[in-house]
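Heads up, the sequence shown is in our numbering, so the first residue is 3 and it goes up one at a time. Idealized CB from N, CA, C, for every residue including glycine. These numbers come from a predicted model, not from an experiment. Everything on this sheet refers to the single structure shown next.
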Amino acid sequence: AANLALQGGAQLSTSSRGVGAGGTVVVRGSGGADTSASSLTITGAGSGLFSTTSGSGAGGSITANANQIMISSGGTVSAASTGSGNAGSVTMTATGPIVIDGGTISTSAQTAQGGDITLTSGDSVTLENNALVSASSAGPGDAGAITINAGTQYLSTNSAVTTRAEQASGGDITVNATDMVQLINSQINTSVAGGSATKGGNINIDPQFVILQNSDIIAQAFAGTGGNINIVAGTFLADPSSLVDASSQLG
């Protein structure tokens, strides 16, 4: 597709209800497997790319390659498992900007392994207006990891990137940018709520500048081992209302 716009509840989806794996959802250019669409736009509640599995088969992956990607106003990219099959992964790659403006990218699993999320931009990644990137697990399977390769800049305003596991171990969050990672009224959070054998996800951030304004970077665990926070930056600026904390309540 040269330009793909999903709006008004329009969806591309794949599902598995039995033992077989779900198919893949792929957005790319018309020139073949290695080409990019000119743009991918997902706008409005109910609109998006979806992968679901309710059986023992693994969920299908979601892959998008475009020059620019915009997910806004309730638009969604979701890979979910409600059965024993692992959730699919989400991989979105843009030569230009990726903008999530009030939209959601998520993977989730009720009993199985959660899927990984990878966002890669050659320009920048922007989250705003309660945007959410989330990988979660409610059962014995680990939550997926989130990797954001943001090009020159990662900017989050009133938004969140989270991994959470209720019973198992949590996924890591990695944010890379050549120039700046800036959080305004936002959070990057890994958490696990399970027992002593569980391990919280690590948070890794690697730009030249990190700026936190009323924002949190938190790796937390209840009874297990809390994750580590690794920030590699030439300049780190945080206002008094911001928090960077790695902890375990009982572990």
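Among the options, whose alpha-carbon lies nearest the alpha-carbon of residue i?
i: Ile207; options: Val234, Thr55, Gly57; result: Val234
i: Ile64; options: Asp144, Gln13, Thr200, Thr159; result: Gln13
i: Ala225; options: Gly202, Ser74, Ser108, Ser244; result: Gly202
i: Ala223; options: Asn232, Asp247, Leu239, Ile213; result: Asp247
i: Ile119; options: Ile44, Gly24, Ile175, Ser15; result: Ile175
i: Ser123; options: Gly105, Ser15, Thr154, Gly57; result: Thr154
i: Gly87; options: Gly24, Ala60, Leu252, Ala140; result: Ala60
i: Leu51; options: Gln189, Gly25, Thr128, Ser38; result: Gly25
i: Val163; options: Thr192, Thr180, Asn232; result: Thr192
i: Gly48; options: Met72, Gly76, Val92; result: Gly76
i: Ala179; options: Leu121, Ile107, Ala199; result: Leu121
i: Ser198; options: Gln251, Ser41, Ala221; result: Gln251
i: Thr55; options: Leu8, Leu129, Ser17; result: Ser17
i: Ser259; options: Ala152, Thr128, Val27; result: Look at the range of the chain in this structure, 3 to 253, and you will see that residue 259 is not part of it.
Using a Cβ-Cβ cutoff of less than 8 Å, which residues in the same chain neighbour residue i once the five nearest sequence positions on both sides are dropped?
i: Gly236; result: Gln210, Phe211
i: Asn216; result: Ile186, Asn187, Asp241, Ser243, Ser244
i: Gly141; result: Ala111, Gln112, Thr113, Ala114, Glu168, Gln169, Ala170
i: Ala147; result: Asp118, Ile119, Ala137, Thr165, Gly173, Asp174, Ile175, Thr176, Gly203
i: Ser58; result: Gly20, Val21, Gly85, Ser86, Gly87
i: Leu6; result: Val29, Ala39, Ser41, Leu42, Thr43, Ala68
Would you mind sorting residue i into buried or exposed? The rule is 16 or more other CB atoms within 10 Å of its CB.
i: Ser138; result: buried
i: Val21; result: exposed
i: Ser110; result: buried
i: Leu214; result: buried
i: Asn67; result: buried
i: Asp144; result: buried
i: Ser249; result: exposed
i: Ala80; result: Before going on, a small fix: residue 80 reads as Ser here, not Ala. It counts as buried.
i: Ala4; result: exposed
i: Gly10; result: exposed
Go to residue i, then tell me how far its beta strand (DSSP E) extends in each direction, as first and last residue.
i: Leu214; result: 211-215
i: Leu14; result: 13-18
i: Arg166; result: 162-167
i: Leu134; result: 134-139
i: Gly50; result: 50-55
i: Leu121; result: 119-123
i: Ala7; result: 5-9
i: Asp103; result: 100-103
i: Asp36; result: No beta strand (DSSP E) contains Asp36, which DSSP labels as neither H nor E.
i: Ser277; result: There is simply no residue 277 to check, as the chain begins at 3 and stops at 253 in what is shown.
i: Ser171; result: From DSSP, Ser171 is part of no beta strand (DSSP E); its letter is neither H nor E.
i: Ala223; result: 218-223
i: Ala96; result: 92-96
With a threshold of 6 Å on Cβ separation, who are the neighbours of residue i within its own chain once the five nearest residues in sequence on each side are excluded?
i: Leu245; result: Asp218
i: Ala240; result: Leu214
i: Val177; result: Ile150, Tyr156, Val183, Ile207
i: Ala195; result: Glu168, Phe224
i: Gly90; result: Ser53, Gly61, Gly62, Ser63, Ala81, Gly117
i: Asn232; result: Asn206
DSSP state of residue i, grouped into three classes?
i: Ala81; result: strand
i: Thr237; result: strand
i: Ser63; result: coil
i: Gln251; result: coil
i: Gly112; result: It should be pointed out that residue 112 corresponds to Gln in this sequence rather than to Gly. Looking at Gln112 - three-state DSSP - the assignment turns out to be coil, as it is neither helix nor strand.
i: Ala68; result: strand
i: Ala145; result: coil
i: Asn206; result: strand
i: Thr106; result: strand
i: Ser126; result: strand
i: Ala199; result: coil
i: Ser74; result: strand
By Cβ distance, which residues of its chain are closer than 7 Å to residue i, with the 5 residues on each side in sequence left out?
i: Ser38; result: Arg30, Gly31, Asn67, Ala68, Asn69, Thr97
i: Asn132; result: Gly104, Asn160, Ser161
i: Thr227; result: Lys201, Gly202, Ser250, Gly253
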